[in-house]
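In my numbering, the protein residues as written are 2 to 153. Glycine residues also receive a C-beta, built at the ideal position from the N, C-alpha and C atoms. Quick caveat, the model's predicted, so the values are computed rather than measured. What follows is one structure encoded as structure tokens, with my remarks underneath.
Below is the structure:
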């Protein structure tokens with residue numbers, strides 16, 4: 002399947018847009034590509050710290066959600082990364098120029114917008130980081146985020 006530019010699926014822009022291309026987006030999973038940039042926001046001394054992988058995963062979940070909303074005739078909505086109980090990286094960093102495959106798989110999404118995803122990052126076909134991320138996608142999207150009374 003051909004996808005639109007990544008900006009069509011995620012709200013991130015400029016230096017905060019860290020993933021480069023959506024490769025797959027199914028009902029419960031997505032795959033994105035990251036090419037570690039030489040001039041990125043988090044790049045220092047030819048590497049990006051491995052902890053940035055959490056954001057690669059979160060943005061891949063955002064792209065999955067955006068693709069799902071577009072298929073349904075809507076627009077992508079902002080969501081929130083709530084956290085992870087465990088993020089395991091095999092190394093301390095990702096080298097500039099490395100092509101990373103970020104895979105996310107939905108474990109569940111509740112009617113209240115809370116969800117859990119199993120995630121991993123592969124380099125040269127081998128896992129280099131894994132995590133389970135908790136997310137929240139509010140029903141009212143950006144209005145919820147800016148509202149003083151999101152329930153009213």
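Under the rule that 16 or more other beta-carbon atoms within 10 Å means buried, what is residue i, buried or exposed?
i	result
residue 5	exposed
residue 65	buried
residue 23	buried
residue 89	exposed
residue 19	buried
residue 87	exposed
residue 146	Only weak support exists for where residue 146 lies, its pLDDT of 49 falling under 50; the value from the coordinates is given anyway. Its Cβ having fewer than 16 others within 10 Å, residue 146 is exposed.
residue 73	exposed
If we call anything under 8 Å between Cβ atoms a contact, is residue i one with residue j?
i	j	result
residue 38	residue 97	yes
residue 135	residue 75	no
residue 61	residue 105	yes
residue 114	residue 139	yes
residue 82	residue 59	yes
residue 103	residue 35	yes
DSSP three-state label for residue i, please.
i	result
residue 97	coil
residue 84	strand
residue 138	coil
residue 146	Only weak support exists for where residue 146 lies, its pLDDT of 49 falling under 50; the value from the coordinates is given anyway. Correct three-state label for residue 146: helix.
residue 14	coil
residue 20	coil
residue 117	strand
residue 71	helix
When you compare the CB of residue i with every CB in chain B, is at least one pair closer than 8 Å?
i	result
residue 84	Within the model displayed, chain B is absent; a lone protein chain is all it includes.
When you measure from the CB of residue i to every non-hydrogen atom of the ligand MN, does any distance come out below 7 Å?
i	result
residue 8	With respect to small molecules bound, the structure shown includes none, and the ligand MN cannot be examined in it.
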